[in-house]
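Below: the structure, in C-alpha cells.
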Amino acid sequence: MQDSPDSSHGFRVGQRVHSSGDSRRIGTVKYVGPVEGYSGTWVGVDWDNGEGKHDGSINGVRYFHAKSERSGSLVRAPNLSQGISLLEALEKRYRSKSTSDEEADEMYVLSTSNNRVSIQLVGKDKIQDKLSRFEELTNASLAYMGVSFPGIPYQINTTVPNMKELDLTGNLLSDWKMETKTSNPNFLSYWLSFPSIHLLESSLDVGKICGQLPALQALNLSNNLMSPYKSELPPLESISILVLNNTGVDWEQVELLRQSLTAIAELHLIRNNISRVLPMSSSFVQGFNSLRLLNLDDNCIAEWDEVMKLSQLRCLEQLYLDKNCLNSILYPDNGQQNELEATSYKPFQNLHCLLLGDNNIGDLVSIDSLNLFPNLVETRLSENPIADSTSGGVPRFVLIARLAKIKVFNGSEVTPRERKDSEIRYVRLVISRLHANAEEIKQHPRFSELKSLYGIEDERPSTGASGPQTIGSGFLSITLKCVGASMGEKQPLTKKLPATATVGKLKFLCESFFKLKSLKLKLFLQEEGSPLPVLLDNDTSSLMDLGIGNESIILVDEES
Numbered sequence: 079m080q081d082s083p084d085s086s087h088g089f090r091v092g093q094r095v096h097s098s099g100d101s102r103r104i105g106t107v108k109y110v111g112p113v114e115g116y117s118g119t120w121v122g123v124d125w126d127n128g129e130g131k132h133d134g135s136i137n138g139v140r141y142f143h144a145k146s147e148r149s150g151s152l153v154r155a156p157n158l159s160q161g162i163s164l165l166e167a168l169e170k171r172y173r174s175k176s177t178s179d180e181e182a183d184e185m186y187v188l189s190t191s192n193n194r195v196s197i198q199l200v201g202k203d204k205i206q207d208k209l210s211r212f213e214e215l216t217n218a219s220l221a222y223m224g225v226s227f228p229g230i231p232y233q234i235n236t237t238v239p240n241m242k243e244l245d246l247t248g249n250l251l252s253d254w255k256m257e258t259k260t261s262n263p264n265f266l267s268y269w270l271s272f273p274s275i276h277l278l279e280s281s282l283d284v285g286k287i288c289g290q291l292p293a294l295q296a297l298n299l300s301n302n303l304m305s306p307y308k309s310e311l312p313p314l315e316s317i318s319i320l321v322l323n324n325t326g327v328d329w330e331q332v333e334l335l336r337q338s339l340t341a342i343a344e345l346h347l348i349r350n351n352i353s354r355v356l357p358m359s360s361s362f363v364q365g366f367n368s369l370r371l372l373n374l375d376d377n378c379i380a381e382w383d384e385v386m387k388l389s390q391l392r393c394l395e396q397l398y399l400d401k402n403c404l405n406s407i408l409y410p411d412n413g414q415q416n417e418l419e420a421t422s423y424k425p426f427q428n429l430h431c432l433l434l435g436d437n438n439i440g441d442l443v444s445i446d447s448l449n450l451f452p453n454l455v456e457t458r459l460s461e462n463p464i465a466d467s468t469s470g471g472v473p474r475f476v477l478i479a480r481l482a483k484i485k486v487f488n489g490s491e492v493t494p495r496e497r498k499d500s501e502i503r504y505v506r507l508v509i510s511r512l513h514a515n516a517e518e519i520k521q522h523p524r525f526s527e528l529k530s531l532y533g534i535e536d537e538r539p540s541t542g543a544s545g546p547q548t549i550g551s552g553f554l555s556i557t558l559k560c561v562g563a564s565m566g567e568k569q570p571l572t573k574k575l576p577a578t579a580t581v582g583k584l585k586f587l588c589e590s591f592f593k594l595k596s597l598k599l600k601l602f603l604q605e606e607g608s609p610l611p612v613l614l615d616n617d618t619s620s621l622m623d624l625g626i627g628n629e630s631i632i633l634v635d636e637e638s
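Residue numbering for the sequence shown is 79 to 638, as defined by the working numbering.
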C-alpha cells in the first residue's frame with residue numbers, strides 16, 4: 079500500500095531516512111499515510127539493522143512489507159530526519175566550535191583509583207584550524223552524518239576544490255543520477271526558496287559530486303543502499319579507489335560502472351550478496367584496464383567458474399575472496415586454456431595475492447592448483463576445512479611445503495627457515511606413510527623434488543649398517559617446555575629421542591623428566607610462523623609420522 083507524500087513533511091516511498099537524534103539508525107521509507115485507529119499521517123520505515131517492531135502490518139492491516147518479521151516501524155514524521163546537505167555536513171564536521179557530549183566523554187583517562195581524569199589534546203586547535211580551511215582540505219570523513227543531497231548546486235567545487243578522498247559511509251545516499259522534475263530556468267533561486275521541494279524532487283547525484291571534485295581520487299559509499307541503475311553513468315574519470323561495501327550492487331551494475339571508471343585501481347564490493355559474475359559482452363570480464371585490487375570478501379560465490387571469469391583482467395594483482403562459499407580451486411590446464419578466448423595472456427597472469435580464507439575448500443588438489451598461478455606469492459586459507467588440522471585438515475607445515483612459491487601465508491611471512499623446516503618435515507611425513515601405502519606418492523606432487531633437494535634417505539638399513547643415518551632409525555633433538563599453570567617454573571629440557579617414539583610414549587617420558595606423575599598431559603608442537611601451537615592429539619602417532627624434525631620445540635601442558 080502506498081499513499082501520496084505528506085505535504086507537510088515531504089517523505090516519499092523509497093526515501094532513505096534516519097532516526098532523529100541517531101544518524102546511525104537508518105532505514106527506507108516504505109509507506110506514507112494514515113494508520114487505522116490513529117490520527118494524522120504516519121511514515122512506515124524498514125530499518126537496516128532489523129530493529130523495528132513488526133513486519134509492516136498492525137492489527138491485521140498491512141501497510142507495507144518489511145524485509146523481516148521485526149524490522150518495520152510506523153513512525154511520526156518529527157521522529158525522522160531526511161538528512162542534511164554535503165556542504166552542511168562539512169561545516170558541522172570541520173567548522174563546528176562545540177564539542178559533542180560524546181566526544182567530551184571520550185577525552186579522559188582512568189586513574190589508578192578508577193576516577194576520570196580529563197586530558198587536553200596538544201595541538202588540537204591548530205589541527206582544527208587547518209581542517210576548517212576548506213580550500214586546503216584534501217581528505218574528509220563524513221561517515222554517518224545523514225548526508226542526503228549536495229547543497230547549493232555547483233558550490234561544492236568552489237568550497238573544497240582540492241578534495242582527494244571523501245568518506246560518505248553510512249549516509250542516506252541511494253541514487254547515482256539526479257533527475258530534476260522542474261523546468262524552472264531560475265532553478266537556483268527556486269531551490270533556495272523551497273529546499274523541501276528540492277528534497278522531494280531530486281536526490282544526491284554521485285556522478286555530479288565527482289564532477290564537481292576534479293581532484294577526487296578515493297570515494298567510500300559503504301553502507302548506503304544504492305538504487306539499481308540500468309543505463310550508463312557519467313564518466314568518473316578521476317576516481318581510482320571506489321568502496322561500495324554493503325550497498326546492494328550486483329555484477330550487472332558493476333559492468334555499467336566499468337564504462338565510467340576509466341582509471342579505477344581498487345574496487346571494494348564486500349557484503350553485496352554477489353553470487354555470479356556476469357560479463358556484459360564476453361565469457362570473461364573485460365576492461366578495467368587499471369584495476370589492481372578487487373575485493374569480493376563476504377559474498378556468496380560458490381563456483382570457481384565464476385572466479386575464472388575474472389582471469390583476463392590484465393592488471394589484477396590482488397583478489398580477495400574471503401568468506402565466500404567456494405568448495406574448490408582449479409587453474410586451467412593447457413587443454414582448458416585452449417578453450418578460453420584466443421589470447422596469449424595466461425589466466426591471472428599478474429595476480430600475486432589471492433585470499434581464500436573462510437570458504438569450504440577441503441581438498442589438497444585445490445591447494446596444489448595454486449602452484450599453477452604464474453606469479454602468486456601470497457594466499458590465505460585459514461578457516462577452510464583443509465587448514466583445520468583438528469578436523470581432518472592438514473597443518474601449516476604441510477600447506478607451506480605443498481605451495482612452492484608462497485612467501486606470505488595466512489597473513490604471516492614464510493621465512494626461509496620456516497620453508498626449509500616445513501619441507502623437510504613434510505618429506506619425513508610422506509616417507510612414513512609410503513611404507514604403509516606406496517600408492518600415496520601420487521598424492522604428493524612435490525615429494526620427489528623435495529626429497530632430492532634435501533638429500534633425505536628413506537630406506538631402512540639393517541642393524542649396524544654404516545652410511546647415512548636414515549629417518550627411520552635416527553634420533554631427533556627435541557626441546558620440551560612446561561607451560562601448564564600448576565607445573566611451576568621448570569627449565570626446558572633438550573633430549574635426543576627416537577623418531578619412532580609415539581606421542582603417548584613422549585607423554586610418559588615427560589611425566590618422568592619433569593616429575594608430573596599426578597597430571598594428565600597434553601602436548602603441542604610450536605611451529606615457527608604459526609600463530610598457535612599444534613595439538614598432538616593422537617597418542618599412537620610417532621614423531622616421524624607427524625613430520626616432527628630435528629630441533630623442534632614441544633610444549634607440555636595439562637588437561638583442563
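Each residue gets a CB set at the ideal place from its N, CA and C atoms; glycine is no exception. Just so we're clear, the structure is a prediction, and the values are computed from it rather than from any experiment.
Item                                                                                                   : Value
Touching by the beta-carbon criterion (3+ pairs, under 8 Å), the region 356-364 and the region 326-339 : yes
Cβ-based neighbour list, C378, same chain, cut-off 8 Å, excluding 5 preceding and 5 following          : N351, I352, S353, N402 and C403
Nearest neighbour of L575, chosen from L164, L554 and Q521 [CA to CA]                                  : L554
Cβ separation of G161 and A144, assumed to be a contact under 8 Å, to the nearest whole Å              : Rounded, the Cβ-Cβ distance is 21 Å, inconsistent with contact.
Cross-strand partners of F602 (DSSP beta bridge)                                                       : L613 and L633
Three-state secondary structure (DSSP) of G201                                                         : Unreliable positioning characterises G201 in this predicted model, as indicated by a pLDDT of 49, which lies under 50. The coordinate reading is nonetheless provided below. Note: G201 maps to coil in three-state DSSP.
Run of the alpha helix (DSSP H) containing Y504, from where it starts to where it stops                : P494 to L512
Contact set for P306: own chain, Cβ-Cβ below 7 Å, skip 5 residues either direction                     : Q331
Cβ-based burial, T106 [other Cβ within 10 Å; buried from 16]                                           : buried
Neighbour-count burial assignment, N127, 16 or more Cβ in a 10 Å radius                                : exposed
Proximity of L388 and L372 at Cβ, strictly below 8 Å                                                   : yes
D383 in three-state terms, based on DSSP                                                               : helix
Alpha carbon of L597 to alpha carbon of E636, nearest angstrom                                         : 7 Å
Three-state class that DSSP yields for P570 in the structure shown                                     : coil
Coil, strand or helix - S163 by DSSP                                                                   : strand
Per DSSP, cross-strand counterpart(s) of Y398                                                          : N373 and L433
Residue burial classification, H513 (beta-carbon count within 10 angstroms, cutoff 16)                 : exposed
Proximity to E344 [Cα-Cα], best of P357, S359, L356 and S316                                           : S316
Environment of A479 [buried if 16+ CB atoms lie within 10 Å]                                           : buried
Three-state class that DSSP yields for R349 in the structure shown                                     : coil
Beta-carbon proximity of Y109 to V91, cut-off 8 Å                                                      : yes
7 Å CB neighbourhood of V581 in its chain, flanking five on each side removed                          : L601, L614, N616, D617 and S619
Member of S590, S467 and V492 whose CA lies at the smallest distance from the CA of L624               : S467
C-beta atoms of V95 and Y141 nearer than 8 Å                                                           : no
Identity of the residue in R506, Q427 and V455 nearest G489 by Cα                                      : V455
Buried or exposed by the 16-neighbour rule on C-beta atoms within 10 Å, applied to F89                 : buried
Cβ-based burial, N462 [other Cβ within 10 Å; buried from 16]                                           : buried
Opening and closing residue of the beta strand (DSSP E) in which K559 lies                             : F553 to C560
Rounded straight-line distance, which links the Cα of S447 to that of K483                             : 12 Å
For Q390 and F426, the rounded distance between their alpha carbons                                    : 6 Å
Beta-carbon proximity list for A167, same chain, < 6 Å, skipping 5 on both sides                       : L220, M223 and V225
Residue range of the unbroken beta strand (DSSP E) whose run includes V107                             : D100 to G111
Distance cut-off 7 Å: I162 Cβ against heavy atoms of the ligand GTP                                    : Here there are no bound small molecules, and the ligand GTP is not part of this structure.
D466, enclosing alpha helix (DSSP H) - first and last residue                                          : Taken as a continuous stretch (DSSP letters only), D466 belongs to no alpha helix (DSSP H), as it is neither H nor E.
Closest by C-alpha distance to R349, when choosing among D400, S368 and N367                           : D400
L587 and P611 closer than 8 Å at C-beta                                                                : no
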